[in-house]
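Okay, structure first, notes after.
There are 2 protein chains.
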Amino acid sequence: MNYGKHMTASKTASRRASKDRYHHGDLKMALLRAAEAELAENGIESFSLRAVAKRAGVSHGAPAHHFKDAKGLLTALAASGFRRLVEAQEIRQAEAGGDAHAQQIAAGLGYIDFALENPALFRLMFTSEKPDRTVPDLGDASIAAYEKLQSGVRSVVGENPPDDPGAMKLIMASWATAHGLADLIVSGRAERPLNFSNLSKKERDALLSEMMGRQLLS
Amino acid sequence: MNYGKHMTASKTASRRASKDRYHHGDLKMALLRAAEAELAENGIESFSLRAVAKRAGVSHGAPAHHFKDAKGLLTALAASGFRRLVEAQEIRQAEAGGDAHAQQIAAGLGYIDFALENPALFRLMFTSEKPDRTVPDLGDASIAAYEKLQSGVRSVVGENPPDDPGAMKLIMASWATAHGLADLIVSGRAERPLNFSNLSKKERDALLSEMMGRQLLS
DNA sequence: CATCTATCTTGTCACTGTCTAGATTTTCCT
DNA sequence: AGGAAAATCTAGACAGTGACAAGATAGATG
Numbered sequence: 007m008n009y010g011k012h013m014t015a016s017k018t019a020s021r022r023a024s025k026d027r028y029h030h031g032d033l034k035m036a037l038l039r040a041a042e043a044e045l046a047e048n049g050i051e052s053f054s055l056r057a058v059a060k061r062a063g064v065s066h067g068a069p070a071h072h073f074k075d076a077k078g079l080l081t082a083l084a085a086s087g088f089r090r091l092v093e094a095q096e097i098r099q100a101e102a103g104g105d106a107h108a109q110q111i112a113a114g115l116g117y118i119d120f121a122l123e124n125p126a127l128f129r130l131m132f133t134s135e136k137p138d139r140t141v142p143d144l145g146d147a148s149i150a151a152y153e154k155l156q157s158g159v160r161s162v163v164g165e166n167p168p169d170d171p172g173a174m175k176l177i178m179a180s181w182a183t184a185h186g187l188a189d190l191i192v193s194g195r196a197e198r199p200l201n202f203s204n205l206s207k208k209e210r211d212a213l214l215s216e217m218m219g220r221q222l223l224s
Numbered sequence: 007m008n009y010g011k012h013m014t015a016s017k018t019a020s021r022r023a024s025k026d027r028y029h030h031g032d033l034k035m036a037l038l039r040a041a042e043a044e045l046a047e048n049g050i051e052s053f054s055l056r057a058v059a060k061r062a063g064v065s066h067g068a069p070a071h072h073f074k075d076a077k078g079l080l081t082a083l084a085a086s087g088f089r090r091l092v093e094a095q096e097i098r099q100a101e102a103g104g105d106a107h108a109q110q111i112a113a114g115l116g117y118i119d120f121a122l123e124n125p126a127l128f129r130l131m132f133t134s135e136k137p138d139r140t141v142p143d144l145g146d147a148s149i150a151a152y153e154k155l156q157s158g159v160r161s162v163v164g165e166n167p168p169d170d171p172g173a174m175k176l177i178m179a180s181w182a183t184a185h186g187l188a189d190l191i192v193s194g195r196a197e198r199p200l201n202f203s204n205l206s207k208k209e210r211d212a213l214l215s216e217m218m219g220r221q222l223l224s
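Here it is in structure tokens:
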């Protein structure tokens with residue numbers, strides 16, 4: 007095979023943009039970013055590994071060296087998603103009041119924020135079977151997100167959840183409400199009941215807070 | 007092209023099993039059944055139109071005449087799913103008490119029953135973008151399912167939902183809780199908090215009823 | 001019975017994920 | 001420094017996919 011074209015290009019400008027070099031430099035990160043952009047633009051169901059490679063300016067076989075296969079790339083992307091999900095919750099919590107109840111509502115709002123801002127990634131994380139949940143990178147990230155929920159409920163009820171069946175029910179119920187709202191809103195199913203997309207940000211927050219708050223009442 | 011093999015087979019046994027005949031007889035239904043079986047066995051993400059055709063004993067081009075393309079087949083399947091979702095709710099309601107509160111909880115349990123019995127179909131209906139929601143067959147079926155929810159809430163609050171903002175909030179909140187529970191259970195995320203799959207049917211129902219019931223309290 | 005229409009098969013195309021062989025670059029060791 | 005070894009990337013091939021077109025077959029219609 008003749009790589010002459012590439013060779014001359016990289017020789018004449020050996021320190022130019024990374025896309026002109028044979029070795030990318032940070033292809034792993036570039037692929038993750040490209041994959042997320044593809045996901046956001048085309049949705050998860052028409053996701054293509056070759057399109058990701060093309061977007062990153064690299065041949066279709068290149069990703070295999072950093073992620074074994076498409077599943078590997080999507081697993082890493084989902085893990086990144088769970089870490090950012092926690093961040094989105096913490097952003098809301100930083101703006102909220104200090105009592106446990108308000109903190110837990112804020113976490114729910116952050117959860118929904120994340121879903122609305124990253125709908126395709128949210129689906130990859132929660133309703134796709136492509137990511138390999140047994141890989142520690144992903145498993146740890148998703149468990150960390152769950153433990154955030156658990157500690158929030160502990161603050162609300164003053165009990166240690168794993169030992170208290172009532173607290174476990176509360177964890178599941180409040181998670182389900184936040185998750186269900188996120189999923190239904192993302193799929194456009196909150197339009198008919200709530201006219202959701204025509205509400206102001208304040209109206210949305212008030213509405214969602216009220217719906218999630220019901221689960222936290224004793 | 008030579009179809010001799012098929013010809014002799016269908017001539018010597020012209021009224022045998024439909025799979026031996028050139029014209030299937032009821033291929034449309036057979037394809038829907040095959041598609042659902044494929045969905046249940048392999049999940050939605052490895053769904054293949056050609057595998058469906060093979061399962062129905064027909065060539066890979068045959069489905070195109072009954073459903074324009076894969077999207078058409080999956081749209082019809084999703085519509086069938088919404089009709090059966092309503093049936094699953096009505097089965098639970100027939101077993102439940104007559105008061106509005108119990109009826110609405112029963113509908114939620116039926117919703118979750120359906121999701122657990124048809125996880126891949128549930129995902130096709132709610133979180134896939136392949137079905138074409140603008141096709142009336144599907145649109146009508148999904149609206150019918152929503153209107154069931156709406157009338158149930160009307161019975162609970164005694165108000166006409168579209169005119170009462172509080173009732174609309176209640177619709178969305180109780181839907182979100184049932185839907186969120188269904189989605190999280192199907193994806194295995196209720197195992198850690200609730201040890202869900204090791205519970206008896208009675209325990210599950212009691213647990214789910216309690217979590218959904220919170221949303222219906224005034 | 002002849003024609004017409006619906007149904008089904010077959011072959012083809014572009015695209016996909018994965019694998020392999022080989023080219024290029026970087027790293028590391030002496 | 002220099003040369004071997006490892007890492008990175010390209011390109012080609014393969015089987016599988018959805019969609020389309022052309023043609024074969026069966027049933028319906030007159």
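As they're listed, the protein sequences go chains C and P. Taking our numbering, the leading residue of the first sequence gets 7, the next gets one more, and so forth. Taking our numbering, the leading residue of the second sequence gets 7, the next gets one more, and so forth. Cβ coordinates follow ideal geometry from the N, Cα and C atoms, glycine included.
Quick check on the burial criterion: 16 or more other C-beta atoms within 10 angstroms. Buried or exposed for residue i?
| i | result |
| --- | --- |
| A94 (chain P) | buried |
| G31 (chain P) | exposed |
| D105 (chain C) | exposed |
| S148 (chain P) | buried |
| R139 (chain P) | exposed |
| A150 (chain C) | exposed |
| S206 (chain P) | exposed |
Am I right that residue i and residue j are in contact with their C-beta atoms under 8 Å? What's the rounded C-beta distance?
| i | j | result |
| --- | --- | --- |
| L33 (chain C) | A68 (chain C) | 7 Å |
| G158 (chain P) | Q109 (chain P) | 6 Å |
| A82 (chain C) | F73 (chain C) | 6 Å |
| G219 (chain P) | I111 (chain P) | 6 Å |
| K175 (chain P) | E96 (chain C) | So it is not a contact: roughly 27 Å between Cβ atoms. |
What residues from chain C crowd round residue i, counting only those whose CB sits closer than 9 Å?
| i | result |
| --- | --- |
| Q110 (chain P) | Those within 9 Å of Q110 (chain P) in chain C number zero; the least Cβ separation is about 14 Å. |
| F132 (chain P) | T133, D189, L190, S193, R195 |
| K74 (chain P) | Here the premise fails: no neighbours, minimum Cβ distance about 18 Å. |
For residue i, verify whether its CB is less than 8 Å away from any heavy atom of the ligand NAP.
| i | result |
| --- | --- |
| A46 (chain C) | The ligand NAP is absent from the structure shown, which contains no ligands of any kind. |
Residues of chain C with CB under 8 Å from residue i, in chain order?
| i | result |
| --- | --- |
| S161 (chain P) | Near S161 (chain P) there are no residues of chain C at all, since even the closest Cβ is about 17 Å away, more than 8 Å. |
| R56 (chain P) | Neighbours of R56 (chain P) on chain C: none; closest Cβ ~17 Å, over 8 Å. |
| T183 (chain P) | A179, A182, T183, G186, Q221 |
Cβ of residue i within 9 Å of Cβ of residue j?
| i | j | result |
| --- | --- | --- |
| S180 (chain P) | L222 (chain P) | yes |
| E209 (chain P) | S203 (chain P) | no |
| F88 (chain C) | V192 (chain C) | no |
| A40 (chain C) | A59 (chain C) | yes |
| L115 (chain C) | L214 (chain C) | yes |
| G49 (chain C) | E135 (chain P) | yes |
| T6 (chain P) | T183 (chain C) | The requested residue 6 (chain P) does not occur in the structure, where chain P is confined to residues 7 to 224. |
Rounded to the nearest angstrom, what separates residue i and residue j at their Cα positions?
| i | j | result |
| --- | --- | --- |
| V163 (chain C) | P199 (chain P) | 16 Å |
| A57 (chain P) | R27 (chain P) | 20 Å |
| S161 (chain C) | R98 (chain C) | 17 Å |
| L80 (chain P) | S86 (chain C) | 31 Å |
| A100 (chain C) | A76 (chain P) | 47 Å |
| D211 (chain P) | N124 (chain P) | 18 Å |
| A43 (chain C) | M35 (chain C) | 12 Å |
| F53 (chain C) | M131 (chain C) | 14 Å |
| G78 (chain C) | R61 (chain P) | 31 Å |
| K154 (chain P) | D143 (chain P) | 17 Å |
| G103 (chain C) | G194 (chain C) | 30 Å |
| L91 (chain P) | Q156 (chain P) | 15 Å |
| A173 (chain C) | A188 (chain P) | 20 Å |
| I177 (chain P) | H71 (chain P) | 40 Å |
| K11 (chain C) | S65 (chain C) | Low confidence applies to K11 (chain C): its pLDDT is 32, below 50, so where it sits in the model is not reliable, and the reading given next is rough at best. K11 (chain C) and S65 (chain C): Cα-Cα distance of roughly 14 Å. |
| P171 (chain C) | N201 (chain C) | 37 Å |
| A113 (chain P) | H107 (chain P) | 10 Å |
| G145 (chain C) | P168 (chain C) | 19 Å |
| P137 (chain C) | G63 (chain P) | 33 Å |
| E165 (chain C) | V141 (chain P) | 50 Å |
| Y152 (chain C) | L55 (chain P) | 37 Å |
| A126 (chain C) | F120 (chain P) | 25 Å |
Determine the chain C residues that contact residue i at a beta-carbon separation under 7 Å, and present them in chain order.
| i | result |
| --- | --- |
| Y152 (chain P) | R198 |
| M174 (chain P) | P199, L200 |
| G49 (chain P) | E135 |
| L213 (chain P) | K175 |
Would you mind telling me which residues of chain P sit closer than 8 Å to residue i, beta carbon to beta carbon, in chain order?
| i | result |
| --- | --- |
| K77 (chain C) | In chain order: nothing, as chain P lies at least about 11 Å away. |
| I118 (chain C) | By Cβ distance, chain P contributes nothing, its closest Cβ being about 10 Å from I118 (chain C), past 8 Å. |
Residues of chain P with CB under 7 Å from residue i, in chain order?
| i | result |
| --- | --- |
| E216 (chain C) | K175 |
| R129 (chain C) | T133 |
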